[in-house]
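A short worksheet on the structure shown next.
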Amino acid sequence: MRKHLLAALAVAALTACTTPGTDQPAAGNADKVTYLTSFSTFGRDAYAYVAQEKGYFKEANLDVTINPGSATVDVLKLVASGRADFGVGDFTATAITVAKEKLPVTTVAMIHQKSLAAIVSLTDKGIKAPAELIGKRIGDQPGSTNQLMFPVYAKQAGIDHTKVEFVPSAPPALPQLLAAGQVDGIGQFVVGVPLIEKAAQGRKANALPYGDLLPDLYGNALVTQKDLPAKNPQLVERFRGALLKGLTYSIEHPEESGQILKKYQPTQDAAVAAAEVSLMQPYVRPTDGPAGRADEFRVARTIQLLVEAGAIPESSVTSKDLVAGS
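Okay, so the sequence shown: first residue is 11 according to our numbering, each after it adds one.
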């Protein structure tokens with residue numbers, strides 16, 4: 011039941027050499043590509059800048075413009091409309107959005123083999139288990155990955171998701187809201203803990219990772235327009251390969267990745283970015299196979315979990331709707 015994500019795409023790439031517009035362009039005629047990070051320019055997205063700095067995009071004959079994304083749903087809509095060629099968004103949130111809105115996007119690589127979504131609080135809040143979220147106020151951006159996925163997580167944890175209040179909050183303000191005690195927790199990625207602790211001036215933070223209870227869920231995924239893998243498979247494969255090369259290098263060299271991110275985004279803290287990249291290491295590599303791998307069984311399991319949790323209607327989406335070549 012287990013298949014590699016791009017088995018069909020690889021076959022298509024081998025046969026595409028006779029298709030006009032799919033050959034790798036001659037040197038000096040690089041393909042221009044626009045790419046969106048998952049959210050802003052934090053350390054968790056440093057690998058794209060690493061691929062730029064190390065020349066991996068250039069080696070693939072790509073001229074890549076990296077723009078900061080603003081969470082999964084917005085990234086998907088920009089990619090679907092053609093205003094970006096590639097982007098990164100949480101795979102579970104992608105499944106929910108595609109099921110409900112039928113956006114013409116598809117996944118071509120899994121950046122994280124396990125979901126990074128979490129509820130993060132300060133240790134002195136005493137929230138150490140899902141049951142302790144009852145009656146609490148969680149700050150998060152409306153429509154965020156964490157908020158979309160929370161009913162699924164809550165059901166698995168055996169708690170009533172309606173008894174946890176989500177407070178609409180602008181993402182840049184979340185760490186300060188938590189530090190000031192205006193909310194009890196915030197929707198955040200596991201790797202965001204160093205950023206939270208910095209905002210809280212050294213107070214320790216702890217996370218309730220969704221992946222602990224939902225191990226089949228993937229984290230971020232690389233998405234593109236629905237028809238691009240068939241229309242231009244070589245472009246997809248060149249970009250995918252270069253980005254994953256940057257991802258692999260990044261998690262092997264977190265300190266350098268932090269410095270590279272700061273070079274391209276001077277407002278970022280290199281040490282905090284490096285800490286985020288270090289925390290991301292165990293989430294990137296699959297137990298078998300290369301980085302970026304997807305498993306058809308897990309994709310189907312994700313859909314099943316979302317249906318069971320009432321997040322999407324039954325038969326509203328299939329693996330083929332979500333993953334290229336699945």
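Idealized CB from N, CA, C, for every residue including glycine.
{"Asked": "Spell out the partners DSSP gives E175 in its beta bridges.", "Found": "R147"}
{"Asked": "CA-CA distance, S325 and T297?", "Found": "30 Å"}
{"Asked": "Using 8 Å as the cut-off, can you tell me whether the region 315–324 makes contact with the region 140–154, which would need three or more C-beta pairs spanning the two stretches below that distance?", "Found": "no"}
{"Asked": "Determine the extent of the beta strand (DSSP E) in which G197 is found, giving its start and end residues.", "Found": "G195 to F199"}
{"Asked": "Measuring straight from C-alpha to C-alpha, what distance separates G197 and E69?", "Found": "37 Å"}
{"Asked": "Evaluate G221 with the Cβ neighbour count: other Cβ atoms within 10 Å of its Cβ, from every protein chain shown; 16 or more gives buried, anything less gives exposed.", "Found": "buried"}
{"Asked": "Give the range of the beta strand (DSSP E) segment to which P219 is assigned.", "Found": "A215 to P219"}
{"Asked": "Is S267 buried or exposed, if buried means 16 or more other CB atoms sit within 10 Å of its CB?", "Found": "buried"}
{"Asked": "Find the nearest neighbour of A240 within the set S131, G99 and V115, judged by alpha-carbon distance.", "Found": "V115"}
{"Asked": "Quick check on G302: does DSSP put it in helix, strand or coil?", "Found": "strand"}
{"Asked": "CA-CA distance, D33 and P292?", "Found": "Because D33 sits at a pLDDT of 47, beneath the cut-off of 50, its placement in the model cannot be relied upon, and the following sentence gives the value as read from the coordinates. Spanning the two alpha carbons is a distance of roughly 35 Å."}
{"Asked": "Rank E207, K135 and K173 by C-alpha distance to the C-alpha of G191 and give the top, closest one.", "Found": "K135"}
{"Asked": "Suppose contacts are defined by Cβ-Cβ distances below 8 Å. Is G195 in contact with L205 by that definition?", "Found": "no"}
{"Asked": "Classify K42: buried if its beta carbon has 16 or more other beta carbons within 10 angstroms, exposed otherwise.", "Found": "exposed"}
{"Asked": "If we call anything under 8 Å between Cβ atoms a contact, is F199 one with R54?", "Found": "yes"}
{"Asked": "Restricting to runs no shorter than 4 residues, where is the alpha helix (DSSP H) found entirely within the region 260–286?", "Found": "264–274"}
{"Asked": "I think D331 touches V108, with their Cβ atoms under 8 Å apart; what is that distance to the nearest whole Å?", "Found": "6 Å"}
{"Asked": "Give the straight-line distance between the Cα atoms of S131 and G251, rounded to the nearest whole angstrom.", "Found": "36 Å"}
{"Asked": "Who pairs with M392 in a beta bridge, going by DSSP?", "Found": "Here the chain covers residues 11 to 336 and nothing more, so residue 392 does not appear."}
{"Asked": "Looking at the structure shown, is N3 part of a helix, part of a strand, or coil, going by DSSP?", "Found": "With the chain running from 11 to 336 in the structure shown, residue 3 is simply not present."}
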